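To keep things clear, I will list the structure first and then write my remarks on it.
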Amino acid sequence: MTGPVRPSGPVRRFRALPLRSRLALLVATAVAVAVAAVSVACWLATRAQLHNELDTSLENTSAPAGTVRSAIAACNSSRAEEASPGFAYIQVVWPDGRRCVAPYQQPVKVQEEDVAVAAGALESSLHNSTTDGGVPVRVHTERIPLGARGPVAVSVSRPLTEIDASLDQLAVLLSVVAGVGVVGAGAAGLWVARTGLKPVDRLTGAVEHIARTEDLTVRIPVEGEDEIARLSRSFNSMTAALASSRDRQSQLIADAGHELRTPLTSLRTNIELLARSDETGRAIPAADRAALMASVKAQMTELAALIGDLQELSRPDAAVPGPLRVVGLHEIAGTALKRARLRGPELVFEAELQPWYVRAEPAALERAVVNVLDNAVKFSPPGGTVEVRLADGELTVRDHGPGIPEDELPYVFERFWRSPSARSLPGSGLGLSIVARTVHQAGGEIALTRAEGGGTRASIRLPGAPTPPPDTP
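Using the UniProt record's numbering, read the sequence shown as starting at 1 and increasing by one per residue.
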């Protein structure tokens, strides 16, 4: 079994460089490759063009008949003329490979193509050769008529040194231009990297500042609509959400501590009274002792309920308490009604529940409906009526109590919020928060309004259908 492939040394060293250095290096490399490719292409194109022009010039150059005769005469003479460089070199080639060089001309080595033209196998030929001194030349050999002698093969050659000199100068020029371009591209790449990464530097500085000071009020200025601006906006949104979450967490801890202090204080007071009675030997009257024990039991029940509510609210808002299932909202409302009747035996419950099936977590949904009914029981006057209706996916619970003032309705779903008129009643102020959380997790909506004629009307609307899906038992 082979492990992961590790990058080689140069790759590791490249990754170890700062981002702006890597960007500048990549830009310089890309420009260098592009400039090199363009330079090579330019050099090759120029070379091909110069060779084509040289071939065209050779094909259009005709050897003078007098020069040809001089070459033949010089071949028959034993006197040799001193060669000198010229524009073109002319010589006569015979079928047996012999050559006759014109006076004052450079002798060029005979190639197979020259012999083939002299023998009549080819009409003409363009090829490379060298002088006897080793100078490269371009040769054009063709058959020309020469009076009574008939056609003869004449080679006209021109040195390639003039082309090579031009190409060498062009290569030097392109190398200088390429070097300047690469250096300029590297400098431009470094400048672009520094300029383009300034927002990233600000973002890095902000992140380091937050990590060092835990100050979530830092915001990055947003400029433009590009990817960096989107990143800055996302970072600002993230820090704002984190700040809000931390504030809510701090508020939750403070409110929870405040709410826990009341039952704990009452419990400690009652337990201290019972302990002092046992330590001093002074018996508490039976009625008072029974009242103390009932108070202790009530405070323990309230404390357990508060801890359960806090555990429910400690889960992330996006988390689902349990697996979602298709359940009958009318069945859950019926079960919650039975519990509500036990808590308010003196109240009258009017219920009309039509079938409605939703996808939710059964226990959490039942707890939400129970909390809504508990509020109706809590605020209903003795002998009052609680109306429960479920139709077209909307569950409404209406009581005939004092109602909630209009200015307090926006706060009813906040954690630990309790109406001033309800602070003397038992409860933690978390019930409606849990209801709203559960309903929203199931994709529904909840609203609390003042009812006509007095009282409060709670409305829960959940997406669903009057019949269950075919695959649901």
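Beta carbons are placed, not taken as given, at the ideal position from N, Cα and C, and that holds for glycine.
Keep in mind the model is a prediction, meaning the values are calculated, not measured.
key: R233 versus A294: straight-line alpha-carbon distance, rounded   = 57 Å
query = For G383, does the count of other Cβ atoms within 10 angstroms reach 16, so buried, or fall short, so exposed?
reply = exposed
ask   = Three or more beta-carbon pairs under 8 Å between the region 130–143 and the region 155–173, yes or no?
value = yes
inquiry  = On the criterion of 16 or more Cβ atoms from any shown chain inside 10 Å, does P159 qualify as buried, or is it exposed?
reply    = buried
task = Please report the residue range of the beta strand (DSSP E) in which T396 lies.
result = 394–398
query = Is A28 helix, strand or coil by DSSP?
reply = helix
request  = Per DSSP, which residues does S155 bridge with? Please list them.
outcome  = Q91, T141
message = To the nearest angstrom, how far is the alpha carbon of V68 from that of L44?
response = 36 Å
task = Measure the alpha-carbon distance for G189 versus A24 and round it to whole angstroms.
result = 4 Å
task = For my contact list, E361 and A336 are in at a C-beta cut-off of 8 Å; report their separation, rounded to the angstrom.
result = Not really, about 15 Å apart at Cβ, beyond 8 Å.
Straight-line gap, G455 to P263 (C-alpha atoms, nearest Å) = 29 Å
message = Measuring only the C-alpha atoms, how far is V182 from A28?
response = 6 Å
Residue of V439, A451, P466, T467 minimising C-alpha distance to I460 = V439
key: Helix, strand or coil at E112 according to DSSP, with G and I counted as helix   = helix
message = DSSP three-state label for R343, please.
response = helix
ask   = Apart from the five residues just before and just after Q91, which ones in its own chain have a Cβ nearer than 7 Å to its Cβ?
value = A71, R99, C100, V101, A102, Q105, P107, V108, S155
ask   = So which of G403, E414, G334, E408 has the shortest CA-CA distance to R389?
value = G334
request  = Drop a sphere of 10 angstroms on the beta-carbon of R261, count the other beta-carbons inside from all chains shown, and report buried for 16 or more, exposed for fewer.
outcome  = exposed
ask   = So L242 packs on L216, CB below 8 Å; how close in whole Å?
value = 5 Å
ask   = Beta carbon of V326, beta carbon of P469: below 8 Å?
value = yes
inquiry  = Can you find the residues in the same chain that come closer than 6 Å, C-beta to C-beta, to residue 475, ignoring five residues on each side of it along the sequence?
reply    = Because the chain here runs from 1 to 473, residue 475 falls outside it and cannot be looked at.
message = Classify W356: buried if its beta carbon has 16 or more other beta carbons within 10 angstroms, exposed otherwise.
response = buried
request  = Take R248 as the anchor and find which of S166, V207, E414, D132 has the nearest alpha-carbon.
outcome  = E414
ask   = So, helix, strand or coil for R98, using DSSP?
value = coil
request  = Evaluate S62 with the Cβ neighbour count: other Cβ atoms within 10 Å of its Cβ, from every protein chain shown; 16 or more gives buried, anything less gives exposed.
outcome  = exposed
message = Using C-beta distances below 8 Å, list every residue in its chain close to I404, excluding the 5 sequence neighbours before and after it, in chain order.
response = V412, S419, L448, R450, T456
query = What does a CB cutoff of less than 6 Å around V222 pick up in its chain, not counting 5 residues either side in sequence?
reply = A229, S232, R233
key: Option nearest Q299 by Cα separation, candidates T161, S266, I271   = S266
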